[in-house]
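**Q**
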Amino acid sequence: DAGVIQSPRHEVTEMGQEVTLRCKPISGHDYLFWYRQTMMRGLELLIYFNNNVPIDDSGMPEDRFSAKMPNASFSTLKIQPSEPRDSAVYFCASKTGSYEQYFGPGTRLTVT
Amino acid sequence: KQEVTQIPAALSVPEGENLVLNCSFTDSAIYNLQWFRQDPGKGLTSLLLIQSSQREQTSGRLNASLDKSSGRSTLYIAASQPGDSATYLCAVNTGTASKLTFGTGTRLQVTL
Chain A
104 DAGVIQSPRH EVTEMGQEVT LRCKPISGHD YLFWYRQTMM RGLELLIYFN
154 NNVPIDDSGM PEDRFSAKMP NASFSTLKIQ PSEPRDSAVY FCASKTGSYE
204 QYFGPGTRLT VT
Chain B
1454 KQEVTQIPAA LSVPEGENLV LNCSFTDSAI YNLQWFRQDP GKGLTSLLLI
1504 QSSQREQTSG RLNASLDKSS GRSTLYIAAS QPGDSATYLC AVNTGTASKL
1554 TFGTGTRLQV TL
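In structure tokens:
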């Protein structure tokens, strides 16, 4: 398997623009997670899905952030409008059952 | 709220040394614990997963132990190599068995 796939790998955008990050989980995995990593706050869970259904979005910082999982092989994280403080590395991860989580390579977002 | 602490924050050792990385957590009612490594600018690579019913897990030169009652886990690396240089993160699954709480990591450098 190719592992968790994320795109784009790097995104530079101006404040106020909409940003969409994409993730393809490992085939057969029924959980999908979105994380954000910054120097100040470390790794934080934003939201996770089980069988395409959002289970816990308590980590989503504010209404500017939204996530969808229209099918088992695709998820998006959208920020609208983006702000400089959203600059971070965003990771997607997937797993099945009680087994380990596998992370994608991340998307480095820079908002100027 | 679960809090995860890793000590030391940074460590430099000469090649060939055996070393121990420490992870402590405040809520002992965990489901499992996972150790990761992260190379600079890269995603997280899963190293070991210990279920709450287990005391230790081994993979090659790595051995992870878990003492739930005292809220501690250690990652033992035998015969360290320069290729082991990375940041090591521990993460704890509490409650729902899906939400990982990460420590801040130990940055390891193995010198020649």
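Residue numbers (the numbering used here), protein chains in the order written: chain A, 104 to 215; chain B, 1454 to 1565.
Glycine included, every Cβ here is placed at the ideal spot set by N, Cα and C.
1) Using only the alpha-carbon positions, how far apart do GLN1507/B and MET172/A sit?
2) Quick one, which of ILE1483/B, SER1465/B, LYS1454/B and PHE1489/B has its alpha-carbon nearest SER1533/B's?
3) Flag this pair as yes or no: are the beta carbons of TYR193/A and LEU124/A separated by less than 8 Å?
4) Find the residues of chain A that neighbour LEU1502/B, judging by a C-beta separation of less than 8 Å, and give them in chain order.
5) Can you confirm whether LEU146/A, when its beta carbon is compared against all beta carbons of chain B, has any partner nearer than 8 Å?
6) Quick one: list the residues of chain A neighbouring LYS1495/B, beta-carbon separation under 8 Å, in chain order.
7) Please report how far the alpha carbon of TYR138/A lies from the alpha carbon of THR1564/B, in whole angstroms.
8) Considering Cα atoms alone, identify which of CYS126/A, GLU203/A, VAL214/A and SER190/A is closest to ILE1503/B.
9) Compare the C-beta of TYR151/A against all C-beta atoms of chain B and say whether one is closer than 8 Å.
10) Have a look at ASP133/A, GLY119/A and PRO128/A and flag the residue whose alpha-carbon is nearest the alpha-carbon of PHE177/A.
11) Using CA coordinates, which residue listed in SER169/A, GLU186/A and PRO187/A is at the minimum distance from THR179/A?
**A** The structure says:
1) Mapped onto the second sequence, residue 1507/B falls at position 54. Mapped onto the first sequence, residue 172/A falls at position 69. Going from the Cα of GLN1507/B to the Cα of MET172/A covers about 34 Å.
2) In the second sequence, residue 1533/B corresponds to position 80, counting from 1. The shortest CA-to-CA distance from SER1533/B to any of ILE1483/B, SER1465/B, LYS1454/B and PHE1489/B is the one to SER1465/B.
3) The sequence position of residue 193/A within the first sequence is 90, counting from 1. The sequence position of residue 124/A within the first sequence is 21, counting from 1. Annotated as proximal: TYR193/A and LEU124/A, with beta-carbon spacing under 8 Å.
4) Counting from 1 along the second sequence, the entry for residue 1502/B is found at position 49. Going along chain A in sequence order, the residues near LEU1502/B (Cβ under 8 Å) are TYR202 and GLU203.
5) For the purposes of this step, residue 146/A is taken as the residue at position 43 of the first sequence. Closer than 8 Å to the CB of LEU146/A there is at least one CB belonging to chain B.
6) For the purposes of this step, residue 1495/B is taken as the residue at position 42 of the second sequence. PRO208 and GLY209, listed in chain order.
7) Taking the first sequence and counting its residues from 1, the one referred to as residue 138/A is at position 35. Taking the second sequence and counting its residues from 1, the one referred to as residue 1564/B is at position 111. Annotation: TYR138/A to THR1564/B spans about 32 Å, alpha carbon to alpha carbon.
8) In the second sequence, the residue the question calls residue 1503/B occupies position 50. Among CYS126/A, GLU203/A, VAL214/A and SER190/A, the Cα nearest to that of ILE1503/B belongs to GLU203/A.
9) Mapped onto the first sequence, residue 151/A falls at position 48. It does; some Cβ of chain B falls within 8 Å.
10) Within the first sequence, residue 177/A is the residue found at index 74, counting from 1. Answer by Cα proximity: PRO128/A.
11) The sequence position of residue 179/A within the first sequence is 76, counting from 1. Considering only alpha carbons, the answer is SER169/A.
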